Structures are given as C-alpha cells and as structure tokens.
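Have a look at the structure below, then the notes.
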Amino acid sequence: MSWTVLFFRVLSFLHIFLPALILAGIIGWIVCARCFHPLAKFPGPLLASVTRLWLICDVATGAAEKTQTRLHEQYGKTPRARAKRAKDGEETDTDFYLPFRARWARYPDAFTNLDERQHAERRRIVSRLYSLSSVLQLEERVESCVEMLVERLSERAATEGAIDMAEWIQWYAFDVIGELFFSRKFGFMENAHDHEGYIHALDLLIPFTAVACAMPAYMRPLFLASGAMVPRVFEALRALRHIETASDACVAQRRHDSTRDKAGRRSQGQKDMLDGFFNILRSKGEEKDFTLTEVKMEVYGAFIAGSDTTAAAITAILYHLMRTPSTYDKLTAEIDEATESGALSLPAVQYHEAVGLPYLVACCKEGMRLHPSVGLTLPRHVPAGGCVISGEWFPAGTRVGINAAVVQRDKAIFGEDADELVPERWFRKGAAKMDRMMFQFGSGSRICIGKNISLCEIYKLVPQLLRSFHIRFAEPEREWETRNYWFNKPSRVRALLEPRTHAQAQSARKRTGCL
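If you want this note's numbering, it's the position in the sequence shown, counting the first as 1, plus 17.
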C-alpha cells in the first residue's frame, strides 16, 4: 500500500470519527463536571459548571450582580458558578486580581498582592497616610472641593435646569483626589468637563480589565494581543497608557519642584498625600525598600480607584434618598436642626460633626448597602484542609467569594425590606450583626486602604448638598442606569436643584415635626 493511499485512508477516518471523538469528549467532560466533580453537589447553571466562558460572558454584560442575585434566589446560599478547582498549594488569593497589577511595579500593590505576609508589610509602610487622623489634617482640601461643587451647581441650576448629578459628583471626587494628592484640583468642576479625558480612559479601561480578570490566566495574553485587531481592546490599552502617563507626570512634577526647593522646606512638613510618600522615600526608603516606583504606584492607584468608587457611593445615597421622599425630608430636617443649633458648622460641614448625626449616618450606610461601589465577587481560594461555609464543606482550592451587592440585600440578614431604603433598620436590635455583613469597603486585612478618604468626601458633601438645595428628579419615572464592570458605576441621574433659604429649612422641619 502506497503512502498516498494510506494518507487518504487516515484522512477519511479522521473526517468520519474525529467529530464524534470531539463530541464524546465534550459530553464526557460535561458528565464528569456535573456528576463526579468535587463541586458537583453544588447546584448552578449547566454552562457555568463546565466552562469559564459563562463567567466571562456574564461579566461582559455589566450586570453580574443581577445574575448572582438570581442564582442565589434559584439555587440557594452556595450556587456553583465555576467549572474547576485550583491546584492544592496555590495562594489563598486568586489570579483574578492580576490584570489590575501595573506591569512596571517592583512590588504588587495592596489590591493585587497575593502574598499575605508581603501584603501586610508593604501596606504598613503607607498605612499611616491613609489613617483617619492623617486624612482629616487635609480636610480643608476636601472642603474647598465641596464649596466649588455647591457654587457650580448653583450656577448651573439657575441657567440650565436639569443637572446630571452622577457626572458632577464624579468630577467632584476626581478633583478631591487632585487636592489630597497634589494640592490642586484637576479642573473637572471648574471647566465642567472630563479633564484630559481621565474619566473616559477609566470607562474604557475598567470593563476591559474586568473581563480579563474573569478569563483563565492562559487566555489573557491572547486577549491583550487582540488589541492589534479589536478596536475596543486597543482603545482600552491606550487608556491604560494614558492613566500611567498622567500619574507619572504628577510624580515627576513634584520631584522637580522638590529638587528646586533648595531650602528643603517641602520636606519639613506634609501638605498633601504625595508629600507624605516622598517623606517616606527620604526617611525610610532604603530601610523599607520604598523607591520612586512605589510612590508612582500609590499615585497610580489613586487615579484608578480614587474617584469612581466614592462617586458611585455618593450618587447612590442621593438617588435612593430622592426615591424615598419621607426619608429625604426626615434627613433634611435633622441637618437643618443641627445647623440651627450649631451642631453643624457654617459655611462648611466638618467631618466630626457630620458623623455625629445618627440619621445621616444611617442614610449614608443604607445608600451604600443598596448600591456598593464594587459589584463583582472578590474571589479567594479555600486553603489547605478545606473549610465549611454556610454548612457546606468546600475542598481546598475551591474558588469562593462574596458579592457585596448580593449579601447586602439578603433578607435573612437585613429583613424583608432589604431592597428598600430604610435607615431606621440601623437603630433596631441586630444592627451589629448587619454591620458585620457590610462589605462596601471589603473586610479584614484587605479592607480598602482609601476608606477614610471616601468617608470624608461622603460625610462632608451629602449634608452640605441637602442644606444648600432641594433636590428632586427631573424625570421621576426614569430609573438610573448602572454599569457593573468591577466598579458599579451609576449614570443619568438627572435632577432639578432649587436653592434653599432659611425659611424653607424651617418649613421642612415643621413638616417632619422637628420644631
């Protein structure tokens, strides 16, 4: 038999049987995954249990929290949404976080560091700068941004009518980052536009990164390579370079200014966060292996996560207050009464005063409960030996996680009214248990390092807006829009703002029985 004849016979055989073998392999894999896999006892969608493609597509929709809520309603506390386990011995944290890591970093940042010990060591170097006491030393910088926002909103309300509050609040949050880190506003509020296209860059970058996070590690290089052919991926990669260039430029400018300061006056104190990082570099850099690269990393992190998260929280608080007029009026009355009694300062609210208003704190907590700024699951690997979660045993290497957007609406924890804005729940018995289940800033050693910055922005702005304006929906019948690509970003919250007078404040207090 000639080689040519043999070749065509083999080819004919493959033509007939190869599709059948592939089909048999697929069926076999599905049967094993659904019936014999260590996770087979956990119910969930068929596709999710056999391929990561289900998760990738779900994240790409920008509504993963809604999908996960449905899964819990359909399958109970522990639905299965993943095909395989990790290998025993892998880190407790998962490779999910790696696409967020800057490619030029010497050490992983606090968010993407998979080594628990190194994470703690590196975080301790800068943690003092993020403490509440350190942030409040810069409170006047936040105050200047609150003042500018109120001024700009007053001007726009008088001339333009409806205002997109989501847009303006994000401009406010970004300008606060500019003040706290660089002693200057970027110019978002002053010029009423996206300064240097930073927000547009993040809107391109974050969805791209979220989808990459959902992919298996071996697929990510291919996804990056697709940037040469897929315009949207290319735009996201260009946005990444834009953010990196912007953060580097801010650091380079400060370094240049410090070099010119022959008397070294800047090193004697700290006028902003960047000064604090340079002080660490000068005093402990060699000891802690903290170099200019680490300074750039902190600034880069502020660009990536410093505005979207806080803006989403403030927008959510205002949105749900407007959707619940009785709560809005009750909170406004508390703010007016505190202003009248001197418990809230004029012209600017101080942080320590705001957190002393119980109903304000409850309303802010409720807004963040209903709409946490991060809307994807934060996955971890079950450690060696396995563990029990919700009464179920999970083998080592299982990827597990909690989505704040799901657990914070759990009726078993927060009551049958968990989907509603009810600040009064925080004055009921069991509030401490509910508080332990609030994950809007994460939890434990991985809690958001910028939490105090965000809370300062929230508690200084919300009461100031409510005592300055009567805010109502421009289109009451229209729901807001949200896109959940890691940061659950709201948009199109169009509102009408009416400046409030002293007489209006007294009238509001009478309506709610506070006079």
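Cβ atoms here follow ideal geometry from the backbone N, Cα and C, with glycine treated the same way.
All values reported here derive from a predicted model rather than from experimental measurement.
- Boundaries of the alpha helix (DSSP H) around Ser66: 63-67.
- Residue state for Tyr235 is assigned as helix, using DSSP reduced to three classes.
- In the DSSP assignment, Cys49 falls outside any alpha helix (DSSP H) and carries neither an H nor an E.
- For Ala231, the closest of Tyr502, Arg511, Pro516 by C-alpha to C-alpha distance is Tyr502.
- DSSP places Tyr124 in no alpha helix (DSSP H); its state is neither H nor E.
- Where Tyr502 is concerned, there is no enclosing alpha helix (DSSP H), although the beta strand (DSSP E) around it starts and stops at 498-502.
- When C-beta atoms of the stretch 452-470 are compared with those of the stretch 400-410, fewer than three pairs fall below 8 Å, so the two segments do not count as touching.
- Listed as beta-bridge partners of Phe191 by DSSP are no residues whatsoever.
- Assigned with DSSP and collapsed to three states, Ala401 falls in coil, not helix or strand.
- Between Ala355 and Pro440, the CB-CB gap reaches or exceeds 8 Å.
- When the Cα atoms are used, Asp220 and Thr327 turn out to be separated by approximately 15 Å.
- The criterion of a C-beta distance shorter than 8 Å is not satisfied by Ala330 and Phe504.
- Between Pro480 and Leu377 the beta-carbon gap is near 6 Å, inside 8 Å, which marks them as a contact.
- In the assembly as shown, Pro36 is an exposed residue. Its beta-carbon has fewer than 16 other beta-carbons within 10 Å.
- Counting along the chain, Leu513 sits inside the beta strand (DSSP E) bounded by residues 511-516.
- For Gly195, the CB contacts under 6 Å within the same chain, skipping 5 residues up- and downstream, are Arg201, Lys202, Phe203 in chain order.
- In this structure, the CA atom of Ser508 is about 11 Å from the CA atom of Asp325.
- Distance from the CA of Leu393 to the CA of Met455, rounded to the nearest whole angstrom, comes to 14 Å.
- Runs of alpha helix (DSSP H) with 4 or more residues, each lying fully within the stretch 350-397, are found at 368-371, 375-387, listed in chain order.
- Looking from the CA of Glu90, the closest CA among Leu361, Leu38, Val366, Lys428 belongs to Lys428.
- For the set Val159, Pro125, Trp188, Thr226, the Cα lying nearest the Cα of Glu213 is the one of Trp188.
- Between Ala422 and Met385, the C-beta gap is not smaller than 8 Å, which leaves the two residues out of contact.
- A distance below 6 Å between beta-carbons, with the five flanking residues on each side excluded, links Leu88 to the following residues of its chain, in chain order: Pro96.
- Here the alpha carbon of Ser66 sits roughly 29 Å from the alpha carbon of Leu222.
- Here the alpha carbon of Leu149 sits roughly 60 Å from the alpha carbon of Ala41.
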